[in-house]
Structure formats: structure tokens, C-alpha cells
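Q: Just so you know, the sequence shown maps onto residues 8 to 169 in this note's numbering.
After the C-alpha cells below, expect a handful of questions from me.
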Amino acid sequence: MNDPDGSNGSWPVAELDAVRRLRVIARTTPGASFAEHLIAAPFDRVWALASDLEDQLPRLITDISAFTVTSADGERLEARARSPLGMRARFDIVLRPGWCLMQSRFVLGGMAAVPEADGTRFAFFGALRIPGIRLIDRALHPLADPLGVKALKRFTDQLDCH
């Protein structure tokens, strides 16, 4: 690595795995829900299930009744979500092995997974992107945190391992 002046130096390097990156995003996003769990299943099995967005997101998030990928260009996808009440949203998505980050006009969310020990560390994150959310951030955490835990439990139940 080069110093800012172009010479080789000893700049510190801090590389974060996908779960840690998602945790940083969640902790710096007002009103975010975040949950992670060590799942007793191999990474390939966990990520194959998680990355099936069209099938999984409606199972994990009760406010989504349908999720349809409308275009894909490499790791960049676009999708449409529909709520049980008929509201619709368009999402921009980055999806690669172990990493999924999604955003719409009013929602930010994601999933991450990394192999760990004899299983997979899996994380789930969601947040609203609405004006003034920073003002009520502290009040939202007791309400938002259980949402991520519930989504994560629904996911691990499908894998039949906790």
C-alpha cells in the first residue's frame, strides 16, 4: 500500500468481513434493526437460501407480500416489492456471495454471511429512510431490534438448525 505521497509505508489496514461491514452500516443508520446468529449449517447452504430474494424476503419480512427481481447486471439488481396493503417500492440491490445490500426510497436493508467455526455467521439488517428519523432514533431501537431477531429466527427455522 502507498502513503498519500506515493511512497510505500506502514499505513494501518482494517479489513472487515461482510457481517462486520453490515454491523457498521446498521449501527450508523438511525432506527436500524440488526440481528446476527451463528448458524450450524455450511456457508453454501445458508447463502443459497438467503440469496433467493424472491422467495425469502416475503418469508422473512412480514411487510413484504411479493418481491420480484426485474433486472440483473452482474451483482447489481433491481426489484419491486409489494406490501400486503398494496404499497409498492423499487429496490436497488448489490448481491454477491455473502453480501446483500438493498435500498429503496424509504427502506434500507441487507443480509451478510461468513463461514465461522463449524457453521455460518449470518446477519440481517433493516431500517426506514424517512425525514426526521434521527430525532426519534433512540425511541425506535426497542421497537426495531425485535424485528431483526424475528426475521433471523424465521430464516434459521427454514434451515432447521439454531
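Cβ coordinates follow ideal geometry from the N, Cα and C atoms, glycine included.
Because the structure is a prediction, the values reported are computed rather than measured.
(1) Quick one: what's L84 bridged to in DSSP?
(2) Am I right that L154 and R136 are in contact with their C-beta atoms under 8 angstroms? What's the rounded C-beta distance?
(3) Less than 8 angstroms between the C-beta atoms of R95 and R103, yes or no?
(4) Can you give me the Cβ contacts of S72 inside the same chain, cut-off strictly under 7 angstroms, excluding the 5 residues immediately before and after it?
(5) On the DSSP letters alone, give me the boundaries of the alpha helix (DSSP H) that W54 sits inside.
(6) If we call anything under 8 angstroms between Cβ atoms a contact, is F74 one with L60?
(7) Beta strand (DSSP E) containing A130: first to last residue?
(8) Is the CB-CB distance between L84 and F162 below 8 angstroms?
(9) Does the Cβ of E43 have 16 or more other Cβ atoms within 10 Å, making it buried, or fewer, making it exposed?
(10) Is R89 helix, strand or coil by DSSP?
(11) Just to check my reading of the structure: V26 and A130 have Cβ atoms closer than 8 angstroms, yes? What is that Cβ distance to the nearest angstrom?
(12) Leaving out five residues on either side along the sequence, give the residues of the same chain with a beta carbon under 6 angstroms from the beta carbon of V6.
A: To lay it out plainly:
(1) Answer by DSSP bridge pairing, in chain order: A79 and I100.
(2) 15 angstroms between Cβ atoms; not a contact.
(3) Not in contact: R95 and R103 (Cβ atoms no closer than 8 angstroms).
(4) Leaving aside the five residues that flank S72 on each side, the residues in its chain whose CB is nearer than 7 angstroms to its CB run, in chain order, P65, R89, S90 and P91.
(5) Unbroken alpha helix (DSSP H) run through W54: F50 to A57.
(6) The answer is yes: Cβ separation under 8 angstroms.
(7) Start and end: G126 to L135.
(8) Taking a C-beta distance under 8 angstroms as the contact criterion, L84 and F162 do not qualify as a contact pair.
(9) Taking a 10 Å sphere around the C-beta of E43, we find 16 or more other C-beta atoms and assign the residue as buried.
(10) It is a strand residue.
(11) Yes, they are in contact, since the Cβ atoms of V26 and A130 sit about 5 angstroms apart, within 8 angstroms.
(12) Any property of residue 6 remains undetermined from this structure, which presents the chain solely from 8 to 169.
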